[in-house]
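Numbering (my numbering), first residue to last: 4 to 223. Beta carbons: idealized from backbone N, C-alpha and C, even for Gly. In what follows, a structure is listed as structure tokens, so that the remarks can point back to it.
Here it is in structure tokens:
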């Protein structure tokens with residue numbers, strides 16, 4: 004009797020830590036219904052390989068060393084519509100969850116979660132559902148509950164704060180913003196602190212991530 008060939012789920016991994024890629028690959032390749040078809044540590048190479056290999060799902064670290072993985076989620080939503088992305092991250096702050104989902108991610112896997120759950124997450128997303136690590140669910144609920152909080156607070160920014168917020172959204176560094184606005188870096192930092200307070204955001208990194216997302220939503 005002829006054996007039926009199992010069609011494996013093709014997984015592509017994007018993470019700038021080789022050890023992490025290796026560990027995830029091992030967890031996936033132990034499964035009979037899935038396998039890693041490729042991996043990459045940086046975005047441009049990842050984009051090219053994803054087009055070449057046509058994976059069924061992409062596992063993506065959103066905090067790459069020299070780039071923002073959320074940019075790739077957004078790009079893939081345009082170039083490869085229907086290709087699901089599972090965000091991998093150490094971040095559990097609202098803004099990272101929100102930006103990842105708004106960009107098009109189908110799930111959010113926290114790296115504190117057991118690596119044994121990665122195959123479960125992959126199967127869940129391939130079946131058409133979303134996957135979220137347990138410690139993300141509370142954050143996710145809070146995110147939806149406060150969905151419009153930051154958007155409403157944008158109106159509280161002064162013209163100068165709004166100018167700096169937009170430049171942060173273009174990923175300009177503080178000293179570049181200072182040069183462009185003819186002020187000192189210390190003044191820029193003071194404005195960013197005010198922005199954090201008005202938007203109820205904890206860290207400068209979160210302000211930048213939100214600014215990038217806001218620019219994309221309002222000026223694309």
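Alpha-carbon to alpha-carbon, residue j and residue i
i, j, result
"residue 67", "residue 45", "7 Å"
"residue 183", "residue 167", "10 Å"
"residue 87", "residue 77", "11 Å"
"residue 195", "residue 215", "14 Å"
"residue 20", "residue 60", "19 Å"
"residue 40", "residue 50", "14 Å"
"residue 203", "residue 178", "24 Å"
"residue 156", "residue 31", "43 Å"
"residue 91", "residue 75", "13 Å"
"residue 18", "residue 79", "16 Å"
"residue 35", "residue 14", "13 Å"
"residue 58", "residue 162", "45 Å"
"residue 22", "residue 28", "10 Å"
"residue 54", "residue 48", "10 Å"
"residue 176", "residue 193", "14 Å"
Same chain only: Cβ atoms within 8 Å of residue i, ignoring 5 sequence neighbours per side
i, result
"residue 93", "66, 113, 114, 115"
"residue 26", "118"
"residue 137", "116"
Helix, strand or coil at residue i [DSSP, three-state]
i, result
"residue 204", "coil"
"residue 66", "strand"
"residue 83", "coil"
"residue 44", "coil"
"residue 93", "coil"
"residue 172", "helix"
"residue 73", "helix"
"residue 39", "strand"
"residue 20", "coil"
"residue 185", "coil"
"residue 10", "coil"
Contact test: residue i Cβ vs the ligand ATP heavy atom, cutoff 7 Å
i, result
"residue 50", "What this structure holds is no ligand at all, so the ligand ATP is not there to describe."
Close beta carbons around residue i, own chain, < 6 Å, minus the five adjacent residues each side
i, result
"residue 134", "110, 124, 127, 128"
"residue 108", "76, 88, 90"
Cβ shell of residue i (< 7 Å), same chain only, five flanking positions each side left out
i, result
"residue 10", "none"
"residue 103", "65, 73, 76, 90, 111"
"residue 139", "95, 100, 111, 113"
"residue 180", "167, 170, 191"
"residue 37", "11, 12, 14, 31, 122, 125"
"residue 172", "214, 215, 217, 218"
Rounded Cβ spacing between residue i and residue j (contact assumed at less than 8 Å)
i, j, result
"residue 218", "residue 164", "Contact doesn't hold; Cβ gap of about 15 Å is too wide."
"residue 201", "residue 160", "6 Å"
"residue 226", "residue 73", "Nothing in the structure corresponds to residue 226, since the chain is present only between 4 and 223."
So within the segment 90 to 129, which uninterrupted beta strand (DSSP E) runs reach at least 3 residues, ignoring any that extend past its ends? 110 to 113
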